[in-house]
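The listed protein sequences correspond, in order, to chains Z and L. Sequence positions in the first sequence follow the numbering used here and run -1 to 359. Sequence positions in the second sequence follow the numbering used here and run 2 to 492. In this text, a Cβ means the ideal position worked out from N, Cα and C, and glycines have one as well. Please read all numbers here as calculations on a predicted model, not as lab measurements.
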Amino acid sequence: MTGQDRSLALQAQVLAAYSQGNALTIQGGNSKTWYGNHLNSIQGETLFLAEHSGILNYEPSELVITARAGTRLSDIEASLTAEKQCLAFEPPHFAATATLGGTIACNFSGSARPYLGAARDFVLGCKLLNGKGEILQFGGQVMKNVAGYDVSRLMAGALGTLGVLLEISLRVLPKPETELTLVKALTAKELLQQANAYARLPLPLTACAYVNGQAYLRLSGSAGSVKQAATLIGGEALLEPESFWLSLREQQLRFFQTEQALWRLSVPADTGVLALEGETIYDWGGALCWLVSDLDPSIIREAVSQVGGHASLFRPSTRQTQTTTNSFQPLSPELLRYHRKLKQAFDPKGILNPNRLYNGL
Amino acid sequence: MSSLSFQPDRNLLIRALQAIRPQPLILTKPEELKPYECDGLSAYRKLPLIVVLPDTIEQVQSILKICHAQKVPVVARGAGTGLSGGALPHEQGILLSLAKFTKILDINPERRTATVQPGVRNLAITQAVDHLGLYYAPDPSSQIACTIGGNVAENSGGVHCLKYGLTVHNILQIKLVTIEGELLTIGSHSLDSPGYDFLALMTGSEGMLGIIVEVTVKLLPKPERVQVLLAAFDDVIKAGAAVGAIISAGIIPAGLEMMDGPAIQAAEAFAHAGYPTEAAAILLCELDGTNAEVSEQLMRVHDILVSSDATEVRTAKDAQEAAIFWKGRKSAFPAVGRLSPDYYCMDGTIPRKHLPQVLQSINEFSKEFGLAVANVFHAGDGNLHPLILFDANQPGELERAEAFGGKILELCVTVGGTITGEHGVGMEKINQMCAQFNSLELSQFHAVKAAFDPEGLLNPGKAIPTLQRCAEFGAMHVHQGQLPHAELERF
């Protein structure tokens, strides 16, 4: 396997930044630089992870892959595909250069998420550099492991603010034998109701989305069970299902080509259609709503918070030259206090991606 | 790092607790404290200063504020079924029982969630949603008695976690009271939440970071069909290879269990499950899913087992026969308990490919220490439960058994595994943590602890060893087969 171990050089750079108290911006494949807060961000030096790459261990019968954080997601997926396995959380890439480390740091998951789990659910262990430049290892390569606090899963979604991921072990799953996507002409309300009803039944449902007035339901599993479920659900078989799900996951649909702000609304499964002005796509059987809207952020956040969800400004409007909105839903004061304490525990001088997730983290 | 020694004023503490309105149940007499002296790991026993049994979140907040102000250790307890001494009382502290929190607060069929108080039993959740065709997936062997609060604190697994995950994969939200008495809502009813994944951090934190006072779990649809196969092998290595072959074929069984010869013979003598007692190993493979999927997988698994040189493959004719297949496996612990006055149950996990090497080493250790061992194994996910047989009344045997167990766990770490797959560290494996983590990693754990509990009042001395401590080894000690909660299944 190509790739190289750059951990000592990376450690030296973190140690130097720590001693000087200088900020570091962690960069993998530069595919998601737009994500997260840039308001008040202190850039400092860049810590480049892309060369710290290579698959270290992959044994299909163990259902585990371990790779350096800079390994391209596409390399990992190619290795898995060759063994008829996959990352069941279907991470989006957003660019060919996307890395494993960036994917886990963002905790991005695709359409299968409600049925098979999120990126964080597949993390088994990691090696990281904390903000003091210490190389630490948590978790492992086994599924059942309850020794110590679950630090490796904590790294998922932390946007590098608690540590620089160096190596990650993920659980992998067999690729389903058969897949079938059904298209039905339904209203959004009807689809969201049906999605919850189907999820209560033992069906091999692995994706459910509502795009441009059409409902898309994906079934994955053995040929017999997919066929049986398709009879129950009805609708037309989609001819090129993979390209449809890819264009949704990678945000290549026309819907996403917009100057307006793109919001990601994560809501309880039974929320139904949200009464917010703007264009919408539903994924995750209704638990995820993409909203293109110029509404005031506080209106969106209030509406989503009312139903028990949260709203992230996924991509700011391109019309505005400077963003004035925090990317993520504000935390309660108590929770924010413990976020700050935890940040202190990993990165006492606050040098790792400062303010990228929240101000003061 | 905070000290593990505390000097609270007992009378002052009792007066403060008695002033809480409405007053929680407070137990102070020695005979009232006695039932709380240990959890499922009965080798360790201590009496707490006081036991408090609140029944509202406000009371829990008040209790923690008092303990925080008076610097009193707090040990939380659910049903007390844990196997690692996580709920062992602290002699200078209060034992906070969540046993009165037994209400199921909400069942939401649309969302497929149940919101429950922490003292609700694991199985009670599944029973409460059975009529909806739903269930709660994690099923630790003590599920009839263990509580959901304890399950979250220990990140409990069960025989079905290969396919359905651990507790951390099956919860959405918890409410937690900090040592300062603040109530935090962690997670949400959505599939993700803003900020750090505190839900993952709290799950399996063994009562070290806060007190869980409410849990929202995910519910799954009950599978349409469940089927069980039993395969016998004349060689443990072949059985291990068969496990790898099933998974390599793209099949994730709901459960995949292995027993070696001594465990088979003990289980058969005890449970009369019809196991082939001459076999060197048996595999139990449970498949679930839709009718069509189970039918297809059943044929494929049967073929894989035959081509993996199984000497015999049986498919359960019906649910009754499936239950008999399982009965032997589920009675392995008490069955082994009849063979020997005492046994130690270990709980290491290894990457499955190292099974032959690890089993061979365990056999060598067995000769070296002069103690017999029976192996039961959650084979699908690499979680080993070697049961070391010994007699505590024979001088030196306890120490030999402890040393033997310690070597097994060290070996698990050496081959890339872990010292505990599902029982937790608690008091029992506190020393083995030193084999798995170096001093920098342990210091990071202590820093995480200090972020939530700087004075170290929550469950002092458990889960994460102090740096000074890394020396000895310990393990689950069962005397005369007398498990606390002997009525519970243990597998």
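Closer than 7 Å at the beta carbon, the chain L residues around residue i
| i | result |
| --- | --- |
| Ser223/Z | Gly290, Thr291, Ala293 and Glu294 |
| Leu180/Z | Within chain L, no residue comes near Leu180/Z; the closest Cβ sits about 16 Å away, beyond 7 Å. |
| Leu184/Z | Chain L residues near Leu184/Z: none, gap ~17 Å exceeds 7 Å. |
| Glu132/Z | Leu441 |
Interface flag, residue i vs chain Z, CB-CB below 8 Å
| i | result |
| --- | --- |
| Asn432/L | no |
| Thr467/L | no |
| Val449/L | yes |
| Thr217/L | no |
| Gln437/L | yes |
| His69/L | no |
| His478/L | With a pLDDT of only 36 at His478/L, under the threshold of 50, the placement of this residue in the model should not be trusted; the figure read from the coordinates follows. So no, His478/L is outside the interface. |
| Pro123/L | Correcting the residue identity first, residue 123/L is Asn in this sequence and not Pro. Answer no: the Cβ-Cβ gap between Asn123/L and chain Z never drops below 8 Å. |
| Tyr197/L | yes |
Simplified DSSP assignment, three categories, for residue i
| i | result |
| --- | --- |
| Asn35/Z | coil |
| Phe120/Z | helix |
| Arg4/Z | coil |
| Thr256/Z | coil |
| Ile20/Z | A quick correction: the sequence has Asn, not Ile, at residue 20/Z. Reduced to three states, the DSSP call for Asn20/Z is coil. |
| Arg151/Z | helix |
| Pro31/L | helix |
| Glu240/Z | helix |
| His91/L | coil |
| Glu165/Z | strand |
| Gln83/Z | strand |
| Met259/L | strand |
| Ala233/L | strand |
| Asp292/Z | coil |
| Gly166/L | coil |
| Gln60/L | helix |
| Arg11/L | helix |
| Gly329/L | helix |
| Arg317/Z | coil |
| Ile53/Z | strand |
| Gln358/L | helix |
| Ser325/Z | coil |
Contacts of residue i in chain Z (Cβ-Cβ under 7 Å)
| i | result |
| --- | --- |
| Ala565/L | Summary: the structure shown does not reach residue 565/L, with chain L confined to residues 2 through 492, and so no result is reported for it. |
Chain L contact for residue i (CB, 8 Å cutoff)
| i | result |
| --- | --- |
| Lys362/Z | Within the shown structure, residues of chain Z are numbered from -1 to 359, placing residue 362/Z beyond reach of any answer. |
| Lys125/Z | no |
| Asp268/Z | yes |
| Ala285/Z | yes |
| Phe326/Z | yes |
| Ala343/Z | yes |
| Gln212/Z | no |
| Lys82/Z | yes |
| Leu410/Z | Nothing can be reported for residue 410/Z, as the shown portion of chain Z is limited to -1 through 359. |
Chain Z residues whose Cβ lies nearer than 8 Å to that of residue i
| i | result |
| --- | --- |
| Cys162/L | Met141 and Lys142 |
| Lys354/L | Glu57, Ser59 and Glu60 |
| Ser142/L | Chain Z residues near Ser142/L: none, gap ~14 Å exceeds 8 Å. |
| Lys223/L | Pro200 |
Chain L residues whose Cβ lies nearer than 8 Å to that of residue i
| i | result |
| --- | --- |
| Leu347/Z | A small fix is needed here, since residue 347/Z is Lys in this sequence, not Leu. Near Lys347/Z there are no residues of chain L at all, since even the closest Cβ is about 13 Å away, more than 8 Å. |
| Gln226/Z | Thr291, Asn292 and Ala293 |
Cross-chain neighbours of residue i in chain L, by beta carbon under 9 Å
| i | result |
| --- | --- |
| Trp282/Z | Leu192 |
Under 9 Å by beta carbon: chain Z residues contacting residue i
| i | result |
| --- | --- |
| Glu456/L | Ordered by position in chain Z, no residue passes the 9 Å Cβ test against Glu456/L, which lies about 14 Å from the chain. |
| Leu185/L | Ser330, Glu332, Leu333 and Tyr336 |
heavy atom of the ligand MG below 7 Å from residue i C-beta
| i | result |
| --- | --- |
| Leu230/L | No copy of the ligand MG occurs in the structure displayed, which carries no ligand at all. |
Is there contact here, the region 359 to 370 of chain L with the region 223 to 230 of chain L, by at least three beta-carbon pairs under 8 Å?
no
Would you list, in sequence order, the uninterrupted beta strand (DSSP E) runs of no fewer than 3 residues that lie entirely inside the region 362 to 425 of chain L?
374 to 379 and 384 to 391
Under 8 Å: do the region 374 to 386 of chain L and the region 44 to 57 of chain Z share three or more Cβ pairs, one atom per stretch?
no
Taking contact to mean 3 or more Cβ pairs, one atom from each stretch, closer than 8 Å, check whether the region 208 to 219 of chain Z and the region 244 to 262 of chain Z are in contact.
yes
If contact is defined by three or more beta carbon pairs under 8 Å, each pair taking one atom from either stretch, is the region 259 to 268 of chain L in contact with the region 196 to 208 of chain L?
no
The region 49 to 67 of chain L contacting the region 434 to 454 of chain L, beta-carbon criterion three pairs below 8 Å
no
Could you tell me whether the region 8 to 27 of chain L touches the region 153 to 165 of chain Z, using the rule of 3 or more Cβ pairs below 8 Å?
no
May I have a chain-ordered list of the beta strand (DSSP E) segments no shorter than 3 residues that lie completely inside the region 90 to 122 of chain L?
95 to 98, 105 to 109 and 114 to 117
So does the region 261 to 277 of chain L actually touch the region 179 to 190 of chain Z, counting three or more Cβ pairs closer than 8 Å?
no
Which whole runs of the beta strand (DSSP E) in the region 175 to 252 of chain L are 3 residues long or more, in chain order?
184 to 188, 212 to 219 and 226 to 234
Between the region 219 to 227 of chain L and the region 129 to 141 of chain L, do at least 3 Cβ pairs fall closer than 8 Å?
The region 219 to 227 of chain L vs the region 129 to 141 of chain L: in contact.
Contact between the region 109 to 128 of chain Z and the region 401 to 414 of chain L is defined here as three or more beta-carbon pairs at a separation below 8 Å; is this criterion met?
no
In chain order, which alpha helix (DSSP H) runs of at least 4 residues are fully inside the region 288 to 358 of chain L?
For the region 288 to 358 of chain L, whole alpha helix (DSSP H) runs of length 4 or above, ordered along the chain, are 292 to 308, 320 to 331 and 333 to 340.
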